[in-house]
Amino acid sequence: MRLSTKSRYGLRALFDIAYNAGSQPAQIQDISRRQDISPRYLEQIFQGLKKHGILKSKRGPQGGYCLAKSPEDITVRAVIEATEGDTLIVDCAGRRKGECGFDGSCVTQTVWEESNSRLNEFFESITLKTLCERGEALGIKREQDHRFMYFI
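126 is the number of the first residue of the sequence shown in the numbering used here; add one for each residue after it.
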């Protein structure tokens, strides 16, 4: 399984929001700069994350993007499913089962189903809160958005 940049960058950007902005809206320019991701590409990724209820946006001078749920309620699996569509490593396992002519008579199908199950359990066990805790443990410096520095 190879994840696209949409899921990898999306997860990094959501971590950035949770870690640096907390409950305040984060501006795309700040996320882009800190994570070295094109603002235009972030906008595309964020549209899918908004559609899946992970992000919300606020317009205006104090606007930006913020998490639609608390960090402990946003799992890596939810982010991957919002950006990739699903976490299946092969089409014949999981929700697409039955599309294969060997369905029910293929010895390897159980391998793919079990690996999907284990991978989904792992992705489900890691939340944005977990990533923030790991960021703290790694000593990643928090950076407040410039427009909020005067209100702290």
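Backbone N, C-alpha and C fix where the C-beta goes; we use that ideal spot for every residue, glycine too. On a predicted model such as this, the values are computed, not experimentally measured, just so you know.
Out of the options, which one is the CA nearest neighbour of residue i?
i, options, result
"residue 261", "230, 250, 162, 145", "145"
"residue 135", "188, 206, 244", "206"
"residue 133", "263, 242, 171, 187", "171"
"residue 215", "166, 244, 254, 266", "244"
With DSSP as the reference, identify every bridge partner of residue i, one or two as the case may be.
i, result
"residue 180", "192"
What span of residues does the alpha helix (DSSP H) with residue i cover, start to end?
i, result
"residue 257", "253-263"
"residue 241", "234-250"
"residue 325", "Since the first residue of the chain shown is 126 and the last is 277, residue 325 is not available in this structure."
"residue 206", "201-209"
"residue 155", "153-160"
Does the beta carbon of residue i come closer than 8 Å to any beta carbon on chain B?
i, result
"residue 146", "This model lacks chain B altogether, as it is built from one protein chain only."
Is it buried or exposed for residue i, if we count other Cβ within 10 angstroms and need 16 for buried?
i, result
"residue 227", "exposed"
"residue 169", "exposed"
"residue 233", "exposed"
"residue 264", "exposed"
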